[in-house]
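Below is one structure, written out as structure tokens; comments come after it.
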Amino acid sequence: MSLQIKDLHAKIPDREILKGLTLTIEPGKVHAIMGPNGSGKSTLSKVLCGHEDYEVTGGEVTMDGQNLLELSVDARARAGLFLAFQYPHEIPGVTNANFIRAAKKARLPEGEDIDAIAFYRQLYARMDQLEMDRSFTSRSVNEGFSGGEKKRNEILQLMMLEPRYAVLDETDSGLDIDALKICARGVNAMRSEDRGFLVITHYQRLLDYIKPDIVHVMMEGRIVMTGGPELALELEAKGYDWIQPEALAAAA
Amino acid sequence: MSLSPVSLSASPSWFQSRATSAWSEFQSLPVPGIKDEHWRYSNAKRIELDTLINATPAPATDVQRAIDGSKGLAKTAARFVFVNEVLVESSSDAPAGVVCVSFEEALKSHGDVLQQHFMKREMELGSAKFAALHLALVRSGTVIIVPKGVKLDAPIEVFHWAAGANVAIFPHTLIVTGDHAEVVVVDHYRSLDDTPGLSCAVADLIGSPGSHVTYVVCQEMSDHAQAMHLSSTSAGKDAQMKNFQLQLGADFSRSESVSDLVGAGARSDMLSVSMPLGEQIVDQRTLQKHKAAHATSDLLYKNALYDQTRTVFSGLIIVDEGAHYTDAYQTNRNLLNSKEAEANSMPGLEINADQVKCSHGATSAPVSEDELFYLKARGISDGEARKLIVLGFIEDTVTRIGHAEVEAMVCERIEEKFARIS
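Next up, the structure:
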């Protein structure tokens, strides 16, 4: 049981971005991927979800044994994969509550509906944990939300949908320290033996609050180094330049 | 087979003579050609006048089916069901003093009100010929007169059914309010079966000072029929008029909606939602005419187009000399769910006064791939995600009706149409 990425290659029309990425995320573990801008971190999250702008040209991805690459975007999500977006989109006219409800309903057998009372009880409890005002239920999805509110809303969806594997794409970007702590609290509340996390970040700061078990360094579309939490501190102190020559050579 | 004039028994002589001259007018006026400015991007020949026949009373089984199918609002102040222009069911709990009767009845009991208000507005938007046809053949619909100060909480709901192939119906709606009166009226236009035919409806909405009129059209004619709806609104001092058009049915629908802002402080909301499928054509022409100062008109027409459908929106704002401090807004938004769908938009402004705030805008855009991806990344299927986006798109228009039960009913009708999207 794991989310296994083996020798994954993916490209946009004129450029290869993932160049043989291999990574295994076990339930119960928090993996962090750090890397400089342009290393392909966000591409990895989008490819895992099945974004059609990217073409997978090689390798495989399985989730608990199931071939993820042959599933549609929505089927991957229903199978248990979740992406917290770096830039969550706005959906005018669709209330946040209706959106989350539609997402939960999509996981039920055809014709079944969710219990509205239980749904709102759960929603309000999760929102309280994230210090989100109740008015966010009736506001249009992400419309007019501040950067921090959008990120909290992503974590709210994570908490409501309870995925098997969650990918957090630069959840810390644009967050002040208080909002970061609140988001991290939500994520930590969801850590369990049954759930794996992949936390993508540019800065070590997030990892002070979401403590990773394993830290990977990504460069030029590959994992070039793997270590424990101390690796993140080292990267923070020394930057990425020191890794380059030998590690890149080794990974290639 | 073709249409022929009808004579309404015991109708006042003024009405008979207007109907007679309207028939001559109908016959003498040409079918508008494609060069007619008011028919640009459209085609009046889609209304197949030669194939249409006068409505005759429907068989009892059809009447029963129509009555059974007339499911609308749970709570109404009055309710009418017409099948082929015959009133087959009615009920009323309207307060004393409120007149809420069939058109035919009103000709006998309230001829004076009809004589004053019935189709007095010149048809400026291109359908004079069809308006003349309506006047010549009208015999069904309702006349609603709400006396001064009376507020009806529950809506008045009217169903107009066409039963049988090629049947044409000509329902009329006349609403006249006294000062500070309030009323909500819903007209449903439907075909009993999947047959060709025509609904050619006209509505006169007269709002006295301080009154509130909310008028809602739900057009769900068969995909082989055509639907015309010509409405004229007159908003008196401080009156608040709303005209919401839900255009779901007919292979060709045309709505013409005119608002005259005749009193200071008047407000007119002109709203419309359509979601054409297949090869449906939705043709919308509007006029916001500001005759008095300090009045507001606010138009929001939204179309969600699918497949090979087409919409035409042509809107004009005219601010007369002296109509200073006018606020007039006009927005037409089109959401394209298909590459072959085509939305045509022709906004216009004619301002002859000072201190005026006017805006018009039209947009036409495909469904956002980013929004779709976001919804699908949460496990929502492509079809369901597109539906959510469309419902979100029209939400701000539907909620401007301002009556929760009517909004819910409108959403139900839209929901029913979604079921037809494969």
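Protein chains in written order, with the numbering used here: chain A, 37 to 288; chain B, 41 to 462. We put the CB at the ideal spot given by N, CA and C, even for glycine. These numbers come from a predicted model, not from an experiment.
Legend entry - Boundaries (first-last residue) of the alpha helix (DSSP H) holding residue 170/B: For this step, residue 170/B is matched to residue 130 along the second sequence. Element bounds for residue 170/B: 168-177.
Inset, instruction - Could you tell me whether the stretch 354-363 of chain B touches the stretch 386-395 of chain B, using the rule of 3 or more Cβ pairs below 8 angstroms? - result: yes
Legend entry - Span of the beta strand (DSSP E) around residue 372/B: Walking along the second sequence from the start, residue 372/B turns up at place 332. Run containing residue 372/B: 367-376, per the beta strand (DSSP E) assignment.
Inset, instruction - Could you work out which residues of chain B lie near residue 124/A, taking near to mean beta carbons separated by less than 9 angstroms? - result: Start at 1 with the first residue of the first sequence, and residue 124/A comes out as number 88. In chain order: 414.
Legend entry - CB contact below 9 angstroms: residue 51/A versus chain B: Along the first sequence, read from residue 1 onward, the residue named residue 51/A stands at position 15. By this cut-off, residue 51/A is not an interface position.
Legend entry - residue 80/B versus residue 350/B: straight-line alpha-carbon distance, rounded: The residue given as residue 80/B occupies position 40 in the second sequence. The residue given as residue 350/B occupies position 310 in the second sequence. Between residue 80/B and residue 350/B, the C-alpha separation is close to 13 angstroms.
Legend entry - residue 468/B: first and last residue of the uninterrupted beta strand (DSSP E) it sits in: Chain B is shown only over 41 to 462; residue 468/B falls outside these bounds and no answer can be derived.
Inset, instruction - From the DSSP output, in three-state form, read off residue 347/B for me. - result: Position 307 of the second sequence, counting from 1, holds the residue named residue 347/B. For residue 347/B, the secondary structure class from DSSP, reduced to helix, strand or coil, is coil.
Legend entry - Under 9 angstroms (Cβ pairs) to chain B, residues found in the stretch 126-155 of chain A: 126, 127, 128, 129, 130, 131, 134, 135, 136, 138, 139, 140, 141, 142, 143
Inset, instruction - Return the chain-ordered list of same chain residues with a C-beta closer than 7 angstroms to the C-beta of residue 179/A, the five sequence neighbours on each side being excluded. - result: In the first sequence, counting from the first residue as 1, residue 179/A sits at position 143. Closer than 7 angstroms at the Cβ level, and outside the excluded window around residue 179/A, lie 126, 128.
Legend entry - Contacting positions in the stretch 412-440 of chain B - beta carbon closer than 8 angstroms to chain A: 413, 414, 415, 416, 417, 418, 419, 420, 421, 422, 424, 425, 428, 429, 431, 432, 433, 434, 435, 436
Legend entry - Residue environment, residue 338/B, which counts as buried when at least 16 other CB atoms sit within 10 Å: Here residue 338/B is taken as the residue at index 298 of the second sequence, counted from 1. Residue 338/B should be labelled buried.
Legend entry - Per DSSP, the bridge partner or partners of residue 82/A: Mapped onto the first sequence, residue 82/A falls at position 46. According to DSSP, which records beta bridges pairwise, residue 82/A is partnered with nothing at all.
Legend entry - Span separating the alpha-carbon of residue 256/B from that of residue 284/B: The residue you call residue 256/B lines up with position 216 of the second sequence. The residue you call residue 284/B lines up with position 244 of the second sequence. Rounded to whole angstroms, residue 256/B to residue 284/B spans 5 angstroms at the Cα level.
Inset, instruction - Can you check DSSP and say which residues form a bridge with residue 37/A? - result: Here residue 37/A corresponds to residue number 1 of the first sequence, with the count starting at 1. Per the DSSP secondary-structure output, residue 37/A pairs with nothing in a beta bridge.
Legend entry - Start and end residues, beta strand (DSSP E) containing residue 79/B: Stepping through the second sequence from its first residue, residue 79/B is reached at position 39. Segment: none, residue 79/B is in no beta strand (DSSP E) and carries neither H nor E.
Inset, instruction - Determine the DSSP secondary structure at residue 277/B, reduced to helix, strand or coil. - result: Stepping through the second sequence from its first residue, residue 277/B is reached at position 237. Here residue 277/B sits in coil by DSSP.
Legend entry - Alpha-carbon to alpha-carbon, residue 54/A and residue 93/A: Along the first sequence, read from residue 1 onward, the residue named residue 93/A stands at position 57. Along the first sequence, read from residue 1 onward, the residue named residue 54/A stands at position 18. In a straight line, the C-alpha of residue 93/A is about 9 angstroms away from that of residue 54/A.
Legend entry - residue 115/B classed as buried or exposed, judged by whether at least 16 other C-beta atoms fall within 10 angstroms: Locating residue 115/B in the second sequence gives position 75, counting from the first residue. Classification for residue 115/B: exposed.
Legend entry - Positions along the stretch 57-84 of chain B whose CB lies within less than 7 angstroms of some CB in chain A: The residues in question: there are none.
Legend entry - Check: residue 407/B C-beta below 8 angstroms from any heavy atom of the ligand PLP: Among the components of this structure there are no ligands whatsoever, and the ligand PLP is therefore not found.
Legend entry - From 183/A, 187/A, 49/A, residue whose alpha carbon lies closest to that of residue 163/A: For the purposes of this step, residue 163/A is taken as residue 127 along the first sequence, with counting starting at 1. Looking at the Cα atoms, 187/A is the closest of the given residues.
Legend entry - Other residues of its chain near residue 441/B: CB distance less than 8 angstroms, five sequence neighbours each side excluded: Looking up residue 441/B in the second sequence gives position 401. Apart from sequence neighbours up to five positions away, the residues of its chain that approach residue 441/B with a beta-carbon distance below 8 angstroms are 254, 256, 282, 284, 311, 447, 450, ordered along the chain.
Inset, instruction - Between the Cα of residue 207/B and those of 309/B, 187/B, 185/B, 237/B, spot the shortest distance and give me the residue it belongs to. - result: Locating residue 207/B in the second sequence gives position 167, where the first residue counts as 1. Checking every option, the nearest Cα to that of residue 207/B belongs to 237/B.
Legend entry - Boundaries (first-last residue) of the beta strand (DSSP E) holding residue 91/A: On the first sequence, residue 91/A is found 55 positions in, with the first residue counted as 1. Start and end: 91-99.
Inset, instruction - Determine the contact status of residue 201/B and residue 120/B, defining contact as a CB-CB distance below 9 angstroms. - result: By one-based count along the second sequence, residue 201/B stands at place 161. By one-based count along the second sequence, residue 120/B stands at place 80. Contact: no.
Legend entry - Three-state secondary structure assigned by DSSP to residue 403/B: As a first step, residue 403/B is located in the second sequence; it is residue number 363 there, counting from the start. DSSP places residue 403/B in strand when its eight states are reduced to three.
Legend entry - Neighbour-count burial assignment, residue 273/A, 16 or more Cβ in a 10 Å radius: For the purposes of this step, residue 273/A is taken as the residue at position 237 of the first sequence. Residue 273/A is exposed by the Cβ-count criterion.
Inset, instruction - Determine, using beta carbons only, whether residue 131/A and residue 177/A come nearer to each other than 9 angstroms. - result: As a working note, residue 131/A is residue 95 in the first sequence. As a working note, residue 177/A is residue 141 in the first sequence. In contact: residue 131/A and residue 177/A (Cβ atoms closer than 9 angstroms).
Inset, instruction - Answer with yes or no whether the minimum CB distance from residue 410/B to chain A is below 9 angstroms. - result: Here residue 410/B corresponds to residue number 370 of the second sequence, with the count starting at 1. Closer than 9 angstroms to some Cβ of chain A, the Cβ of residue 410/B qualifies, so yes.
Legend entry - Test: residue 83/A CB closer than 9 angstroms to a CB of chain B: Residue mapping note: residue 83/A aligns to position 47 of the first sequence, counting from 1. Residue 83/A does not count as touching chain B.
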